[in-house]
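One structure is given here, and the rest of the page talks about it.
See the structure below:
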């Protein structure tokens with residue numbers, strides 16, 4: 001199954017244009033004058049809502065002094081066939097605000113995930129995912145099975161034969177102790193984490209409960225890395241999400257991610273802790 005996503009690609013391309021424009025200290029007015037178009041068109045190109053003609057994208061990036069080779073690669077991506085969205089079969093159960101996330105996750109080369117409350121969807125067992133989804137008020141009972149199936153489908157990125165997603169997962173020990181679905185479900189979920197940690201594409205670290213206040217406690221976040229585009233941060237809210245592509249804000253989350261990696265147990269120690277938790281269940 002193709003990992004490309006038209007919506008995410010347009011958003012990433014637009015964000016790239018915006019970041020390069022700001023780095024070059026150009027205004028919307030400057031860019032519009034350079035292309036001979038309106039400022040609203042430049043704004044729409046940057047939002048990804050409307051057309052992004054390859055020749056205009058190339059002209060703008062050159063105006064912003066972007067690397068010629070990178071310009072060629074980005075323009076080539078934008079010229080590829082419109083393949084739609086891989087998540088289309090589940091569109092009836094995916095909220096509008098989550099669709100961009102699904103596309104970004106599918107296109108990403110890497111993802112750093114900090115999860116302070118429960119195991120992330122990419123590493124959930126089916127029964128654990130069902131328990132999590134059933135507690136979410138935004139998931140209707142009639143949609144439960146399809147939502148869980150959507151989560152299971154996303155996990156295929158970790159073992160994709162052509163371009164697997166490299167996942168670095170940091171979780172709080174307290175999240176692993178929360179009996180979501182009951183002790184039996186939790187034990188099997190912990191066993192699944194040990195299995196996932198053996199994949200060459202997955203790194204798992206645990207932050208011990210005895211660790212005090214740290215910058216990650218402000219909430220869960222995902223930091224996506226891409227082959228041709230700049231990094232993007234995803235922060236989920238109750239019924240919405242925030243997508244950050246501004247270089248300064250992304251840099252702050254990168255610093256937080258580094259801190260979390262440093263204060264967490266290493267991968268071997270984390271596996272040992274999970275094993276001890278399994279024995280105690």
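Numbering (the working numbering), first residue to last: 1 to 281. For glycine and all other residues, C-beta sits at the position ideal for the given N, C-alpha and C.
Pairwise C-alpha distance: residue j and residue i
i           : j           : result
residue 72  : residue 167 : 28 Å
residue 88  : residue 156 : 16 Å
residue 9   : residue 32  : 22 Å
residue 17  : residue 49  : 13 Å
residue 99  : residue 77  : 20 Å
residue 65  : residue 252 : 25 Å
residue 45  : residue 57  : 9 Å
residue 196 : residue 38  : 50 Å
residue 233 : residue 275 : 31 Å
residue 79  : residue 53  : 9 Å
residue 187 : residue 194 : 11 Å
8 Å Cβ cutoff met for residue i and residue j
i           : j           : result
residue 59  : residue 28  : no
residue 202 : residue 131 : no
residue 225 : residue 109 : yes
residue 128 : residue 207 : no
residue 124 : residue 151 : yes
residue 307 : residue 242 : Shown here, the chain extends from 1 to 281; a query on residue 307 therefore has no answer.
residue 281 : residue 254 : no
residue 282 : residue 160 : Lying outside 1 to 281, the shown extent of the chain, residue 282 is not represented and no answer is given.
residue 236 : residue 210 : no
Residues near residue i by beta carbon distance below 6 Å, same chain, minus five either side
i           : result
residue 63  : 34
residue 170 : 114, 205, 260, 264
residue 112 : 168, 223, 257
residue 12  : 229
Residue i: CB within 7 Å of a non-hydrogen atom of the ligand HEM
i          : result
residue 37 : Of the ligands one can find in the structure shown there are none, so the ligand HEM has no counterpart to examine.
Reduced DSSP secondary structure (H/G/I, E/B, other) of residue i
i           : result
residue 172 : strand
residue 38  : coil
residue 246 : coil
residue 252 : helix
residue 226 : coil
residue 5   : strand
residue 75  : helix
residue 155 : helix
residue 185 : helix
residue 167 : strand
7 Å CB neighbourhood of residue i in its chain, flanking five on each side removed
i           : result
residue 118 : 132, 175, 178, 180
**Report entry** Complete beta strand (DSSP E) runs within the stretch 78-150 (minimum length 3 residues, chain order)
**Finding:** The qualifying runs are 110-115.
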